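Heads up, the thing below is written out as structure tokens.
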Amino acid sequence: MKTNTPINAALIGAGPLGINIYKYALKRRDIIITHVIDIAPSMTGKDMGTISGIDASGILISDKISDIKDVNVAILATVSDLPRIGPQLLSLIEAGLSVVTTCEEMFFPWDSSKDWSETIDRAAKDKNVAILGTGVNPGFMMDTLPTMLTGVCEHVDRIEVRRYQDAQFRRIPFQKKIGAGLTYDEFEKKKNEGSLRHVGLSESMHFIAHQLGWILERTEDKIEAVISERNVVTESLRIMSGQVAGIRQTGTGIVNGVERIKLTFQASVGELESYDEIEIFGTPHIRSRIMGGVHGDVATCSIILNACHSILKAAPGLRTMADVPMITSIGAV
1 MKTNTPINAA LIGAGPLGIN IYKYALKRRD IIITHVIDIA PSMTGKDMGT
51 ISGIDASGIL ISDKISDIKD VNVAILATVS DLPRIGPQLL SLIEAGLSVV
101 TTCEEMFFPW DSSKDWSETI DRAAKDKNVA ILGTGVNPGF MMDTLPTMLT
151 GVCEHVDRIE VRRYQDAQFR RIPFQKKIGA GLTYDEFEKK KNEGSLRHVG
201 LSESMHFIAH QLGWILERTE DKIEAVISER NVVTESLRIM SGQVAGIRQT
251 GTGIVNGVER IKLTFQASVG ELESYDEIEI FGTPHIRSRI MGGVHGDVAT
301 CSIILNACHS ILKAAPGLRT MADVPMITSI GAV
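Structure follows, in structure tokens:
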């Protein structure tokens, strides 16, 4: 049921993603960001509007969660891993706030981080609040959407999802995260260090398997460099032929020795064709392609803000996209 009363939200994290979420919220009438929190000393006391490159807003960035007052929901846009974001979540829960977070490992943490999941779930239920990790990927394109499409199938043998993106239209931090502009040796070094990868394929595979009743024997995650075959120049990068343009990451989910899930994510600067494609091998056989693909930054900010409505209607505890009321575009008019 829609309401004309806007949601007051606190935004935790004033980095590039937090700034984009803030600017998108300004275009809406259903959500008002009334508080911004960031622990970086350089941010404390700065005006969020000024930080965002727009007019001063009067909202000064604080470094204390205790400064949050009269808020319905918290938007947590800081880090991607559960060990670092866990304490932040517990602080927000203790403050009595439901939370929507962009943390990729929070999308479906029950298999990979059982202890943290149980701790967060128990704390949220004690405080009668709900917690949700979501985004475009993981959160929707490579997990929730393909799972929903199986609802019209008599049976499903396997699922493949392919997401190809031209990363020159994404945020600079994203371009760096996929290794754009590195040499092959630099890419391999960062990959082996674990600092260069798309976070979330494992969580997506576990979510799909859980919803379809499959028991994953194991998951595999392969990371490869995408090498540019031509010179590519963008506003922020100059990639020469032979340098790394981006990343190809393939996740496979094995059930009883058989590959039942295959997720391919490729993002590179200058990618020739962008698209999102879901193929369900079963009855009926479904192949659905979104030409041009879904813009990751637009989709991430939008689903996070739209999810604020759903999390306030969800049962207390640590929730997944399968547990909350359907997320739709409420603020758009």
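Counting from 1, one number per residue, gives the positions in the sequence shown under the UniProt record's numbering.
Using N, Cα and C, we set each Cβ at its ideal position, and we do this for glycine too.
The model shown is predicted, which means the values in this text are computed figures rather than measured ones.
Check, Outcome
"Where does residue 415 fall in DSSP's three states?", "It is not possible to answer for residue 415, since the shown part of the chain is limited to 1 through 333."
"Which stretch, first to last residue, makes up the alpha helix (DSSP H) that contains K114?", "K114 to K127"
"Pull up the DSSP beta-bridge partners for A14, would you.", "DSSP, once it has assigned bridges, lists no residue as partnering A14."
"Could you tell me the distance, in whole angstroms, from the CA atom of L196 to the CA atom of Q243?", "16 Å"
"Any idea what DSSP makes of M205, helix, strand or coil?", "helix"
"Drop a sphere of 10 angstroms on the beta-carbon of M142, count the other beta-carbons inside from all chains shown, and report buried for 16 or more, exposed for fewer.", "buried"
"With A307 and V100 assumed to form a contact (beta carbons below 8 Å), what rounded beta-carbon distance in angstroms separates them?", "5 Å"
"What ranges does the beta strand (DSSP E) occupy inside the segment 155-240, keeping only unbroken runs of at least 3 residues that lie completely in it?", "155-166 and 218-227"
"Does M1 come out as helix, strand or coil in the three-state DSSP assignment?", "Here M1 scores only 40 on pLDDT, less than 50, and its place in the model should not be relied on; the value that follows carries that caveat. The answer is coil: DSSP assigns M1 none of H, G, I, E or B."
"Alpha carbon to alpha carbon, how far is I131 from H210? Give it in angstroms, no decimals.", "19 Å"
"I need the boundaries of the alpha helix (DSSP H) containing L89, first residue and last residue.", "L82 to E94"
"Just to confirm before moving on: does the CB-CB distance between P316 and A124 stay below 9 Å?", "yes"
"Along the alpha helix (DSSP H) that carries V244, what are the first and last residues, could you check?", "It is not in any alpha helix (DSSP H) - V244 instead sits in the beta strand (DSSP E) that spans V244 to V255."
"So who's on the other strand from D47, going by DSSP bridges?", "L60"
"Apply the 10 Å Cβ neighbour rule to M1 and answer buried if 16 or more other Cβ atoms are within range, or exposed otherwise.", "Reliability of the predicted coordinates at M1 is poor, the pLDDT of 40 falling under 50, and the value obtained from them is presented with this limitation in mind. With fewer than 16 other Cβ atoms within 10 Å, it is exposed."
"Looking at the unbroken beta strand (DSSP E) that takes in A74, where does it start and where does it end?", "V73 to L76"
"Report the three-state DSSP secondary structure of A267 (helix, strand or coil).", "strand"
"Can you tell me whether R170 is buried or exposed? The criterion is at least 16 other CB atoms within 10 Å of its CB, across all chains shown.", "buried"
"Just list the residues that DSSP pairs I280 with in beta bridges.", "I159 and I286"
"Using the C-alpha atoms, what's the distance from D297 back to H285?", "31 Å"
"Put A9 into one of helix, strand or coil per three-state DSSP.", "strand"
"With a Cβ-Cβ cutoff of 9 Å, do S57 and H35 count as a contact?", "no"
"Please determine, among N8, A14, G13 and G18, the residue with the shortest C-alpha to C-alpha distance to S302.", "G18"
"DSSP state of V294, grouped into three classes?", "coil"
"Ignore the nearest five residues each way along the sequence and tell me which others in E105's own chain have a CB closer than 6 Å to its CB.", "D81 and L82"
"What separation, rounded to the nearest whole angstrom, lies between the Cα atoms of T219 and I59?", "44 Å"
"Quick check: the segment 153-164 against the segment 107-118, are there 3 or more CB pairs under 8 Å?", "no"
"Going by C-alpha distance, which of V269, G257 and I68 is nearest R238?", "V269"
"My understanding is that I304 touches I75, with C-beta atoms under 8 Å, so please give their C-beta distance in whole angstroms.", "6 Å"
"Provide the residue span of the beta strand (DSSP E) that contains Q318, from first to last.", "The residue you asked about is not Gln; residue 318 is Leu in the sequence shown. That run of the beta strand (DSSP E) goes G317 to R319."
"Which of the three DSSP states, helix, strand or coil, is assigned to L149?", "helix"
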